[in-house]
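If you're matching them up, the sequences are chains X and W in order. The first sequence begins at 23 in this note's numbering and counts up one residue at a time. The second sequence begins at 23 in this note's numbering and counts up one residue at a time. Heads up, the thing below is written out as structure tokens.
Protein chains: 2
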Amino acid sequence: MAGRGTMAAWVAVDWGTTHLRAWAMDDRDAVLAEARSDDGMAALRPDQFEPALLALIEPWLGPGTTPVIACGMVGSRQGWAEAPYRAVPCQARSDRLVHAPVRDARLDVRLIPGVKQDSPADVIRGEETQIAGYLSQAPDFDGVLCLPGTHSKWVHVSAGEIVSFRTFMTGELFDLLGHQSVLRHSIAPEGWDDGAFAEAVAEAMAKPEALAARFFALRAEALLRGQSPEAARARLSGLLIGAEMAAAKPYWLGQQVAMVGAPALMAIYTAALAAQGVTASQASGPEMTRAGLIAAHTNLSAVP
Amino acid sequence: MAGRGTMAAWVAVDWGTTHLRAWAMDDRDAVLAEARSDDGMAALRPDQFEPALLALIEPWLGPGTTPVIACGMVGSRQGWAEAPYRAVPCQARSDRLVHAPVRDARLDVRLIPGVKQDSPADVIRGEETQIAGYLSQAPDFDGVLCLPGTHSKWVHVSAGEIVSFRTFMTGELFDLLGHQSVLRHSIAPEGWDDGAFAEAVAEAMAKPEALAARFFALRAEALLRGQSPEAARARLSGLLIGAEMAAAKPYWLGQQVAMVGAPALMAIYTAALAAQGVTASQASGPEMTRAGLIAAHTNLSAVP
């Protein structure tokens with residue numbers, strides 16, 4: 023929670039489906055305090071967003087108006103207010119923030135819009151801020167950003183613009199198959215096996231169409247060969263990431279690749295890319311989110 | 023429930039993960055009565071199988087011993103007793119039934135073993151009885167059986183033997199993605215669109231590696247293009263079945279294909295196969311299960 027007496031020049035907010043995270047920022051964009059709760063978008067009706075935010079950041083508010091910049095699902099149709107998607111190609115740094123309705127005059131809340139692509143149909147809501155954050159620190163970057171996660175994104179970036187992107191349900195499939203399917207009997211909740219992972223990536227890249235059969239084979243291998251639940255977990259991850267890499271090949275082949283995400287997930291994606299001769303740099307997801315919120319706030323101050 | 027006074031010559035039982043179904047049979051293998059309950063294998067400890075069975079079939083038992091033949095997950099390691107897998111290639115009709123331990127002397131319970139394949143690792147538990155049932159009615163069949171379901175099976179059958187097979191988690195993926203994933207917001211619980219299905223099958227067959235991206239596109243198409251939840255449901259099914267067909271191509275290409283399953287599921291698989299120029303016959307899953315149980319009982323009587 024925030025310390026007593028912290029007063030924010032502005033507040034940066036990352037508001038996703040299942041989490042809410044806020045930073046009290048000073049006028050030089052340094053972090054004064056941080057707070058978080060489980061009041062994700064999915065749990066809130068439109069009129070519950072303002073109280074959920076105040077519960078977290080009220081200690082940071084001064085007597086005047088404090089700007090709040092928020093990204094993520096808070097700006098979706100089911101969120102606090104809809105911040106309509108911008109269409110690619112578009113500047114990574116957003117300039118069309120949308121005001122959220124507030125009752126408390128101390129709040130001035132603006133939501134960062136997502137990004138859409140018509141063909142193939144695809145959407146980004148939240149990661150656009152990480153992309154803008156990355157480019158605020160590497161303005162000359164030209165290449166591909168890989169953002170592994172629940173819905174992994176591969177994003178082609180050039181001249182400060184998001185050119186095209188593709189989303190894969192890799193992380194969500196991993197969770198569903200590992201926890202909800204018949205495979206849960208054969209897959210450990212934790213644990214890893216580098217060799218099993220690398221082998222599965224290679225198999226899936228070579229024959230990605232066999233995915234649904236290879237999934238079931240994880241069960242059969244446990245029954246018939248006593249394959250360890252840790253190796254099975256690594257194999258499931260490898261099959262999914264291998265299939266993703268096969269489909270995302272136009273994104274990473276011969277490209278400069280930078281990864282933005284959680285350290286553990288970046289490590290396994292980096293290993294999978296390295297096996298294809300691709301070296302990817304790594305940047306922290308939460309840090310890039312904050313950098314993107316700072317970039318949006320700076321933009322706002324420059325063009326009032 | 024069974025009528026009063028029905029006395030069975032023997033009892034046929036289909037006992038899966040989530041269901042228990044029993045038929046009272048006369049000495050000419052005609053069905054006298056049928057009963058079912060939700061006492062599936064997953065809900066029972068080993069010592070609860072006998073009471074669950076008696077609750078259903080006790081009205082059919084005479085003073086002597088009544089043979090009971092059961093197939094399905096009841097014979098798995100977590101079931102009543104383990105009926106170890108037979109390895110392919112093997113006769114479709116099983117001759118290695120395993121006795122389940124009973125306290126009630128009126129019961130003589132035998133479990134049909136599953137079938138395993140070492141490479142690629144795969145298992146069958148329950149469908150082997152449908153295969154045996156099909157072959158008891160078409161003893162000269164040489165070709166491929168397709169058994170669509172939660173875990174769809176493609177089975178190469180020749181000279182009364184199961185030669186090889188492959189299992190796809192198609193049905194389970196459809197349920198998980200349609201009900202548990204982010205796609206649940208975009209997918210109707212019922213409803214269909216033939217055109218959307220056919221298009222998705224063709225897309226997945228052409229580029230099966232893009233599956234995880236095409237899944238997410240269902241969400242994006244709903245958000246950006248207002249795609250109907252019924253069309254999205256048919257598309258999800260088409261993507262999964264198309265990928266399955268791409269991987270199962272060695273099974274159906276240039277082969278005689280017979281389908282065994284539920285009518286609605288057989289209809290959509292038949293449509294997907296027809297688009298590839300393959301005509302498949304159809305046989306009812308429950309009827310083939312009963313035919314397979316009858317074949318096992320006949321076999322038992324012939325070789326006591």
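Idealized CB from N, CA, C, for every residue including glycine.
Using the DSSP secondary-structure output, state which residues sit across from Gly165 (chain W) in a beta bridge.
W:Val179
So with CB distances below 9 Å, who are the chain W contacts of Val204 (chain X)?
Thr39, Thr172, His173, Met191, Glu194
Can you look up Gln113 (chain X) in the DSSP assignment and give me helix, strand or coil?
strand
CB contact check: Leu287 (chain W) to chain X, cutoff 9 Å:
no
Euclidean distance between Cα positions of Ser186 (chain X) and Ile290 (chain X):
24 Å
Mapping the DSSP letters down to three states, classify Ala55 (chain W) as helix, strand or coil.
strand
Determine the direct distance from the alpha carbon of Lys138 (chain X) to that of Ile146 (chain X), and round the result to whole angstroms.
6 Å
Under a Cβ-count criterion, where at least 16 other Cβ atoms within 10 Å of its own Cβ denotes burial, should Ser141 (chain W) be classed as buried or exposed?
exposed
Hey, could you find the ends of the beta strand (DSSP E) Met63 (chain W) is sitting in?
Where Met63 (chain W) is concerned, there is no enclosing beta strand (DSSP E), given that its DSSP letter is neither H nor E.
Is Pro142 (chain X) close to chain W, meaning its C-beta is less than 9 Å from at least one C-beta of that chain?
yes
Please confirm whether Val166 (chain X) has its beta-carbon closer than 9 Å to some beta-carbon of chain W.
no
Buried/exposed call for Arg50 (chain X), threshold 16 Cβ in 10 Å
exposed
Contact check, Ala10 (chain X) vs Met281 (chain X) under 8 Å by CB: the rounded distance?
Chain X is shown only over 23 to 326; residue 10 (chain X) falls outside these bounds and no answer can be derived.
For a cutoff of 9 Å on Cβ pairs, would you count Phe237 (chain W) as touching chain X?
yes
Can you pull the DSSP bridge partners for Ile184 (chain W)?
W:Cys112, W:Val179
Determine the extent of the alpha helix (DSSP H) in which Gln159 (chain W) is found, giving its start and end residues.
149-159
Can you check whether the CB of Arg115 (chain X) is closer than 9 Å to the CB of Ser158 (chain X)?
yes
Nearest-angstrom Cα separation, counted from Ile134 (chain X) out to Arg128 (chain X)
20 Å
Using the beta-carbon of each residue, which ones in chain W are nearer than 7 Å to Arg128 (chain X)?
In chain order: nothing, as chain W lies at least about 33 Å away.
Of the residues that make up the stretch 221-247 of chain W, which ones have a beta carbon closer than 7 Å to any beta carbon in chain X?
Pro230, Glu231, Ala232, Leu233, Ala234, Ala235, Phe237, Phe238, Ala239, Ala242, Glu243, Leu245, Leu246, Arg247
Give a yes or no on contact between the stretch 264-279 of chain X and the stretch 221-234 of chain X, applying the rule of three or more CB pairs nearer than 8 Å.
yes
Beta-carbon proximity list for Leu233 (chain W), same chain, < 7 Å, skipping 5 on both sides
Ala226, Leu261, Ala265
Would you say Glu252 (chain X) reaches chain W, if we count a Cβ-Cβ gap shorter than 9 Å as a contact?
no
With a threshold of 16 other CB atoms inside 10 Å of the CB of Val53 (chain X), please say whether the residue is buried or exposed.
exposed
Could you check what DSSP says for Met191 (chain W) in three-state terms: helix, strand or coil?
coil
Quick check on the burial criterion: 16 or more other C-beta atoms within 10 angstroms. Buried or exposed for Gly276 (chain W)?
exposed
Have a look at the DSSP bridge pairing and note the partners of Val282 (chain X).
X:Ala305
Pick from X:Pro73, X:Trp82, X:Ala74: whose alpha carbon is nearest that of Glu56 (chain X)?
X:Trp82
Closest by C-alpha distance to Leu315 (chain X), when choosing among X:Pro161, X:Met47, X:Thr39
X:Met47
Any C-beta of chain W sitting closer than 9 Å to the C-beta of Glu266 (chain X)?
yes
Any beta-carbon of chain B closer than 9 Å to the one on Ala270 (chain X)?
No chain B appears in this structure, whose protein chains are X and W.
Using a Cβ-Cβ distance cut-off of 9 Å, determine whether Tyr107 (chain W) contacts chain X.
yes
Please confirm whether Asp36 (chain X) and Gly94 (chain X) have their CB atoms less than 9 Å apart.
yes
Considering only the alpha carbon of each residue, which of W:Gly84, W:Gly27, W:Trp102 lies closest to Leu42 (chain W)?
W:Trp102
Looking only at C-alpha atoms, which of W:Ser203, W:Asp162, W:Pro161, W:Met191 sits nearest to Lys175 (chain W)?
W:Met191
Suppose you measure from the CA of Lys271 (chain X) to the CA of Ile263 (chain X); what does that come to, to the nearest Å?
12 Å
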